[in-house]
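Going down the list, the protein sequences come from chains B and E.
Position 348 of the first sequence, counted from 1, bears residue number 332 in the working numbering, the numbering being contiguous throughout.
Just add 504 to the spot in the second sequence (first one is 1) and you have the working numbering.
Just so you know, even glycine gets a beta-carbon here, dropped at the ideal spot from N, CA and C.
This one's a predicted model, so the numbers in the text were calculated from it and none came from an experiment.
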Amino acid sequence: MRSLLLAGLLAVPGAAHVGSPDVFHEGLAGPYRLLVTIRPPVVIPGVAEIEIRAATPDVREVRITPLPVTGPGVKFAPTPDLAQRSTHDPQFFTGSLWMMAFGSWQVRVEVDGEKGKGQLAVPVPALALRTQGMQLALGAGLFALMMVLAVGVVSIVAASVREAQLDPGAEPSPSHRRRGRIATGVTAALMVALLYLGNQWWNAEAGAYSRYVYKPLRIEPSLESGARLLLRISDPGRFASRKIDDFIPDHGHLMHLFLVRLPEIERLWHLHPEQTASGLFAHDLPPIPAGRYQIFADVVHQSGFAETMVAEIDLPAIAGRPLSGDDSTGSGPPLSQASKDRLAADLPGGGRLVWERGNEPLKTRQTTWFRFRAEDAAGKPAGDLELYMGMPGHAAFIRSDRSVFAHVHPSGSAPMAAVNLVQIQPVPGQTDHSAHAMRQALPAVVSFPYGFPQSGDYRIFVQVKRAGRVDTAVFDARVEP
Amino acid sequence: MSAVAAPPVDKTTTAAIPWHLWCAALAVTSAMIGVHWDISWHRSIGRDTFWTPAHIAIYLCGVLAGISCGYLILSTTFGRNGATGGAAVKIWGFRGPLGAFICAWGGIAMLTSAPFDDWWHNTYGLDVKILSPPHIVLALGIVSIELGALILILGAMNRASGDLRGKLEWFFLYVAGMVLVALLVVFAEHIHRVALHTARMYRTVSLLVPLVLAGVALASRKRWSSTMVVAVYTAFLLGLEWILPLFPAEPKLGPVYVPVKQFVPPGFPLLILAPALALDLLRPKLESRRRWLQAAVAGAVFLGVLVLVEWPFANFLMTPGARNWVFGSHWLDYATHPNSYSARHQFVPLEKTAMEFWIGMGGALAAAILSTRLGLAWGGWMQRLRR
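(1) Consider the Cβ of residue 244 of chain B: report whether some Cβ of chain E lies at a distance smaller than 8 Å.
(2) Quick check on DSSP: helix, strand or coil for residue 664 of chain E?
(3) Using the C-alpha atoms, what's the distance from residue 104 of chain B back to residue 15 of chain B?
(4) Just to confirm the assignment, what range does the alpha helix (DSSP H) spanning residue 146 of chain B have?
(5) Please classify residue 283 of chain B as buried or exposed, where buried requires at least 16 neighbouring CB atoms within 10 angstroms.
(6) May I ask you to list, following chain order, the residues of the segment 203 to 222 of chain B that have a beta carbon less than 8 Å from some beta carbon of chain E?
(7) Whose C-alpha, out of B/126, B/391, B/457, B/334, is nearest the C-alpha of residue 364 of chain B?
(8) Where does the unbroken beta strand (DSSP E) through residue 313 of chain B begin, and where does it stop?
(9) Ignore the nearest five residues each way along the sequence and tell me which others in residue 818 of chain E's own chain have a CB closer than 8 Å to its CB.
(10) Looking at residue 539 of chain E: is its Cβ nearer than 8 Å to the Cβ of residue 768 of chain E?
(11) For a contact meaning CB atoms closer than 9 Å, what does residue 612 of chain E contact in chain B?
(12) Go ahead and pull the three-state DSSP assignment for residue 331 of chain B.
(13) Judging by CA-CA distance, which residue of E/651, E/764, E/558, E/554 is the nearest neighbour of residue 529 of chain E?
(14) With distance defined between alpha-carbon atoms, name the residue in E/709, E/681, E/654 nearest to residue 737 of chain E.
(15) Between the Cα of residue 286 of chain B and the Cα atoms of B/101, B/308, B/401, which residue gives the shortest distance?
(16) Find out if the Cβ-Cβ distance for the pair residue 816 of chain E, residue 544 of chain E is shorter than 8 Å.
(17) Determine the closest residue to residue 533 of chain E out of E/683, E/575, E/599, E/662, with distance taken between C-alpha atoms.
(18) Hey, how far is the Cα of residue 85 of chain B from the Cα of residue 576 of chain E?
(19) Using a beta-carbon distance cut-off of less than 9 Å, what residues from the segment 164 to 189 of chain B approach chain E?
(20) Got a sec: is the Cβ-Cβ distance from residue 311 of chain B to anything in chain E below 8 Å?
(21) Against chain B, does residue 597 of chain E count as a neighbour if the rule is that its beta carbon must be under 8 Å from one of theirs?
(22) Kindly list, in the order they appear in chain E, the residues whose Cβ is closer than 8 Å to that of residue 140 of chain B.
(23) So if DSSP puts residue 101 of chain B in a beta bridge, which residue, or which two residues, is it bridged to?
(24) Apply the 10 Å Cβ neighbour rule to residue 747 of chain E and answer buried if 16 or more other Cβ atoms are within range, or exposed otherwise.
(25) Can you grab the Cα-Cα spacing for the pair residue 157 of chain B / residue 563 of chain E, in whole Å?
(26) Using a C-beta to C-beta distance shorter than 8 Å, which residues of chain E count as neighbours of residue 116 of chain B?
(27) Beta-carbon within less than 7 Å of residue 582 of chain E's beta-carbon, same chain only, minus the 5 sequence neighbours each way: which residues are those?
(28) Expressed to the nearest angstrom, what Euclidean distance is found between the alpha-carbon atoms of residue 241 of chain B and residue 759 of chain E?
(29) Could you say which of B/295, B/377, B/289 lies nearest to residue 433 of chain B if we only look at CA atoms?
(30) Thinking C-beta only, is residue 610 of chain E closer than 8 Å to residue 655 of chain E?
(31) Short of 7 Å Cβ to Cβ, which residues in the segment 750 to 767 of chain E face chain B?
(32) Residue 615 of chain E to residue 524 of chain E, Cα distance in whole Å?
(33) In the structure shown, what three-state DSSP assignment does residue 559 of chain E receive?
(34) My parser needs the beta strand (DSSP E) runs of 3 or more residues fully inside the segment 199 to 230 of chain B; what are they?
(35) Using beta carbons (cut-off 8 Å, strictly below), is residue 150 of chain B in contact with chain E?
(36) How is residue 429 of chain B classed by DSSP in three states: helix, strand or coil?
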């Protein structure tokens, strides 16, 4: 059996997602509906940018506070910051917050308005995502100043030896000048040594910091007995407190695994492996054709800290068991035949899903509502949508080179398990997995808030549940810078 | 040929202290108030902007030093005799007192540290520690301005006589005290309350303090110079310790582990007044001896007396009896984790074994001796400084 692991090959860190660190969350702060976007800093401590859009014009004031999700730091909140109301859009507020330590954080949003007060909390991972080099101009400027300072020291020491002890007006003698030259040589040598030691120190500090740059948990996939997928988790060792067996259920499952067929990304399986031992997950695969597959595996730690593990695996043709439970699959045209103009996708269960896209071009770092309307065979809004794992829909945004992967719900990109941890009152229907079974009729339109982290071509897999059956539609998007 | 002119001495022995020396002394005071206020700001409020009062006090140091030293260098270079009466050294075509050039160097270092520090924050995060490369560049800048001011005053002092010399000696001791404050604040992490039983603390203090005390004692020739210099440090720190908590402050950053309501002061000053007094008492007996012998005896006495007073006092600082406004052991940063040594009022066991500790203390003794010897050499050089 040939199985190949290429974990981390494409992993641009982004905690709960891959290459997509921004958090989008829609929720209620008391009587006010808010869409919150949090752009975490790339270094810690660093500044997170917060954007809040109120759905209604009755919000007077928004205050924001950063807090850890767990631990003694939750007890005392720092003074909340007043978010600034946009002069162009009175329902849009912005602010920035310092994230001072690594780990699982939350941004608490307090709203005051015509209907009284309300509060909402949004989980956000605080991670060092990269280190950066120095810009050439800044480097050149600093180098020049360093040289001025170094030569300045040499000149000052030489002058102090040569003439500082002479009476005012006296000229230095040849012996004073000779001593000045000796001082120049000795000080210059000392400066070179000091600069060398300074450079060593800088390298050591940079090296220490680079060890803090986030590395997601590793996952090693293999195949057992021809059809059973084993996923062995290991820690690359950054976080001393990170565990590989403290996961909490998100939508009723410890792991959400997305298996994406390569290289055309035309088919996706949404599976839910079970934890069989500490750091070991397993799943009996459904029928799958032979080929190479990308794995994105979402888990949420007890602290609310979510991670997406990535790997690739070559699979033989698998007869497998039929899909069961919450597992699902769906397909679309191959990536090479993708059409950015195709805004409707036929659903295997009949009818179609229509992307209400609008005419505006999609741009990076712009929080956008992705709205999809389910229609029945007659072209009318479908009346048979149900909750799928507690949500009206699930969407996976995948960049064509797989450098970006985000698993998004109508409530946003934060995992519900983490959202529930930070809420003062649990969100109804999102912790109680029995609600999944309820066949309650939902609106025909499913919306997802998301913003693309970088330009390029993306594939969007949208999953809805209709009359007990999970349907998957595939759309394509080009995102401009 | 060296001396070609009669050594001009300041004509008036009762003259007032020149304005540029007042300016320099004000600059060093402003810098030290600013630095301590800024550290307290980060420990109490956490977040700051470019225009906090603490930052302005630090920038004011650069402005005041720039005005006084810029005037001195430009007037000496382009004027006939300028403000210095020819008491100038020549560097890069400019002429001016040595201290003015050292101050100018400090100003450039402070300027350099700003973009460096900004880049550092953007690359490695906001450094919440004092000892980082850009902070060291800033510290070098500030210490250089302090040293420049000291040398500036010293040049004037050595050229003066009578009342003016007397006044300048006091000025010199005050600025020397500020130099001590500056050196010790750079290593504030080493001399924190929880580190007072580490060999590293004794090594750091032995490396910095005897250097200043020995040098200043030789240069000033005041009988109680060491005591006075350390008294300036002690009074300054006590002032901060008792004044800062009078002002309200609350954390604007999380995680908040301690609900801080006021500015957190720097902590009770080190009891270096005792070894300073011992050095002053000892000096008349040592003055005629060889410098290495002076250094060996004075260094050992300094460290010995420091251990005798600081070690038991550190024990006291960890007790409930010290958790009051006088000793301030109850003031904790907002980010003091409940499991930290500070919150639990325990000493950091930095040296893991007794052997490691005693090797460290041996290093402290060597540092005290070496530092004293360097201070004596520096003091001798300062005695002869004329420009």
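Once the coordinates are examined:
(1) no
(2) DSSP places residue 664 of chain E in the coil class of the three-state scheme, outside both helix and strand.
(3) 11 Å
(4) 120 to 146
(5) Classification for residue 283 of chain B: buried.
(6) none
(7) If we check each option's Cα against that of residue 364 of chain B, B/334 comes out closest.
(8) 312 to 315
(9) 697, 700, 701, 851
(10) no
(11) 129, 132, 133, 136
(12) coil
(13) E/651
(14) E/681
(15) B/401
(16) no
(17) With respect to the C-alpha of residue 533 of chain E, the residue from E/683, E/575, E/599, E/662 having the closest C-alpha is E/683.
(18) Looking at the two C-alpha atoms, the distance is approximately 48 Å.
(19) 182, 185, 186, 189
(20) False, the Cβ-Cβ gap to chain E never drops below 8 Å.
(21) no
(22) 595, 602, 605, 606, 609
(23) B/96
(24) exposed
(25) 40 Å
(26) 626, 627
(27) none
(28) 33 Å
(29) B/377
(30) Cβ atoms of residue 655 of chain E and residue 610 of chain E: not closer than 8 Å.
(31) 754, 755, 756, 757, 758, 759, 760, 761, 763
(32) Here the alpha carbon of residue 615 of chain E sits roughly 21 Å from the alpha carbon of residue 524 of chain E.
(33) Residue state for residue 559 of chain E is assigned as helix, using DSSP reduced to three classes.
(34) 202 to 208, 212 to 218
(35) yes
(36) strand
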